[in-house]
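Q: Positions 358 to 640 (my numbering) are the ones given, in order, by the sequence shown.
Glycine included, C-beta positions come from ideal geometry on N, C-alpha and C.
After the structure tokens below, expect a handful of questions from me.
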Amino acid sequence: MNRTIRAMPPALAFAAVLALPCAASAQAAPDASAITANISLTTNYKFRGQDQDMLGKNDYAKTRAFKPAVQGGFDYAFGGSGFYVGNWNSSVNWLKGNSIESDIYGGYKFRAGPFDMDVGALTYLYPGNSSGNTTEVYGAAGYTDETIGAFTLKYSHTVSKDYFGYAGNKAGSGLKGTNTGYLNLAYSKEIFPKVTLKAAVGYTHMSSDIRSLGYKSYVDYNVGASYDFGNGLSLAGSVQGANKQNAYLSVSNPGVDLGFGAFGKQTYSPNKARFILTLTKTL
């Protein structure tokens, strides 16, 4: 997740929204205790539509589309109880002194009529710079129909004092990111053998303290498809981004100061749409 700016969720890379740290794609509980793991290579890690690799030369924003990341984690399901725990990690670069995002989550899955329900909590940790640390509680409902596909509606609510460093609470701003909310609707459908269409749209509602700093609530999107090679190997391609780009600008080139202001100053928004490829191996 990126605070120049991450988002959840568990990127998604597709994983950031649809599969990875969110731990909230509701599914029926397995019959026996089991552990699963995954590792991914992605051309750009976006979380809730925002780049997670931003710091470049002299700490100015990177503007290139190719900003690769290595990701991976595991999930442990406690048999048929419905309870689970997990951990997911990714290389990131938006906080000084930090290069890793480590997510720890746990929750409970159950059936409610035709719906697969999922409730839990997730903490995003940034070793080396804790100003980005964020904790959310979440709830999700999933519905699957063989003809029309699978839908998952998820809401995540921030309970930590800050939301990925936006409020600057750790630095003593006195502002809070508590009560920032994220609503996401995801859809998937196998349209050809081994080819699955995936799409998601999300809305981040920033806390009033964060909005007072000029950041705006925004909508993110994720549209693409994945191909299943078999044996747990898949490749996903998607277009990801978000609106309100001007509310999240970072300086990419300071330009030249001629004494009456910077000439040639350039900015970059992490919300800019990008085409992203993600190769994932499930173990």
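Within 10 Å of its beta-carbon, does G443 have 16 or more other beta-carbons around it, so buried, or fewer, so exposed?
A: Along the sequence shown, read from residue 1 onward, the residue named residue 443 stands at position 86. Looking at its Cβ environment, which holds 16 or more other Cβ atoms inside 10 Å, G443 is buried.
Q: Give me the residue from G429, Y462, G436, G463 with the minimum Cα distance to S447.
A: For the purposes of this step, residue 447 is identified with residue 90 of the sequence shown, where counting begins at 1. Ranking G429, Y462, G436, G463 by CA distance to the CA of S447 puts G429 first.
Q: Helix, strand or coil for K641 per DSSP?
A: With the chain covering only 358 through 640, there is no way to say anything about residue 641.
Q: Three-state secondary structure (DSSP) at D519?
A: Here residue 519 corresponds to residue number 162 of the sequence shown, with the count starting at 1. Coil at D519, not helix or strand.
Q: To the nearest angstrom, report how far apart K511 and A497 are at their CA atoms.
A: As a working mapping, residue 511 is identified with position 154 in the sequence shown. As a working mapping, residue 497 is identified with position 140 in the sequence shown. Distance between the alpha carbons of K511 and A497 is about 4 Å.
Q: Closer than 8 Å by C-beta to N455: which residues in its own chain qualify, once you throw out the five before and the five after it? Chain order, please.
A: Within the sequence shown, the letter at position 98 stands for residue 455. Closer than 8 Å at the Cβ level, and outside the excluded window around N455, lie V449, Y483, P484, G485, N486, G489.
Q: For S488, which of helix, strand or coil comes out of DSSP?
A: Position 131 of the sequence shown, counting from 1, holds the residue named residue 488. Note: S488 maps to helix in three-state DSSP.
Q: My assumption, with CB atoms under 8 Å, is that S609 sits in contact with Q597. Please give the rounded CB distance.
A: Indexing the sequence shown from 1 puts residue 609 at position 252. Indexing the sequence shown from 1 puts residue 597 at position 240. With 8 Å as the limit, S609 and Q597 do not qualify as a contact, their Cβ atoms being about 19 Å apart.
Q: By the DSSP assignment, the beta strand (DSSP E) with A631 in it spans what residues?
A: What you label residue 631 is simply residue 274 of the sequence shown in a count that begins at 1. The question names Ala, but residue 631 is Arg in the sequence shown. Residues 631–639.
Q: Tell me the DSSP bridge mates of A478?
A: As a position in the sequence shown, residue 478 is number 121, starting the count at 1. For A478, which the question treats as bridged, DSSP gives the partners G463, V494.
Q: Apart from the five residues just before and just after F423, which ones in its own chain have a Cβ nearer than 6 Å to its Cβ?
A: Sequence index remark: in the sequence shown, residue 423 carries index 66 (1-based). Hits under 6 Å: T400.
Q: For I396, which residues does DSSP report across the bridge?
A: In the sequence shown, residue 396 corresponds to position 39, counting from 1. Answer by DSSP bridge pairing, in chain order: G429, K638.
Q: Relative to the C-alpha of A604, which candidate in G559, G618, G587, P627 has its C-alpha closest?
A: What you label residue 604 is simply residue 247 of the sequence shown in a count that begins at 1. That would be P627, whose Cα lies nearest to the Cα of A604.
Q: My parser needs the alpha helix (DSSP H) runs of 4 or more residues fully inside the segment 500–568; what are they?
A: 565–568, all fully within the segment 500–568.
Q: Let me check understanding here. Comparing Cα to Cα, which of G525, L452, Y481 lies closest to G534?
A: Your numbering for residue 534 matches position 177 in the sequence shown. Closest by alpha carbon: G525.
Q: Need the endpoints of the beta strand (DSSP E) that N579 sits in, please.
A: In the sequence shown, counting from the first residue as 1, residue 579 sits at position 222. Element bounds for N579: 575–587.
Q: Does DSSP put K414 in a helix, a strand or coil?
A: As a position in the sequence shown, residue 414 is number 57, starting the count at 1. K414: helix per DSSP, three-state reduction.
Q: By the 10 Å Cβ neighbour count, where 16 or more other Cβ atoms means buried, how is R645 classified, buried or exposed?
A: Here the chain has residues from 358 to 640 only, and residue 645 is not among them.
Q: I need the straight-line Cα distance from V427 to R421, nearest angstrom please.
A: On the sequence shown, position 70 is the one that residue 427 refers to. On the sequence shown, position 64 is the one that residue 421 refers to. Their Cα atoms are separated by approximately 17 Å.
Q: Let me make sure I understand the geometry here. Which of T491, A418, S397, V516 has the alpha-carbon closest to that of L634?
A: Translated into positions along the sequence shown, residue 634 becomes position 277. L634 has its Cα closest to that of S397, out of T491, A418, S397, V516.
Q: Can you tell me the Cβ-Cβ gap for V516 and E547, rounded? I've got them flagged as a contact below 8 Å.
A: On the sequence shown, residue 516 is found 159 positions in, with the first residue counted as 1. On the sequence shown, residue 547 is found 190 positions in, with the first residue counted as 1. Contact flag wrong, Cβ pair sits at about 36 Å.
Q: In terms of residues, what are the limits of the beta strand (DSSP E) holding Q409?
A: In the sequence shown, the residue the question calls residue 409 occupies position 52. Unbroken run through Q409: none, as it is neither H nor E.
Q: Using a Cβ-Cβ cut-off of 6 Å (strictly less than) and excluding sequence neighbours within five positions of T491, which residues of its own chain qualify?
A: For the purposes of this step, residue 491 is taken as residue 134 along the sequence shown, with counting starting at 1. Result list for T491: Y481, S517, Y520, F521, in chain order.
Q: On the DSSP bridge assignment, give the partners of L590 in chain order.
A: Counting from 1 along the sequence shown, the entry for residue 590 is found at position 233. Answer is G587, K638.
Q: Tell me the rounded alpha-carbon separation between S565 and Y584.
A: Here residue 565 corresponds to residue number 208 of the sequence shown, with the count starting at 1. Here residue 584 corresponds to residue number 227 of the sequence shown, with the count starting at 1. Cα atoms of S565 and Y584: separation of roughly 41 Å, rounded to the nearest angstrom.
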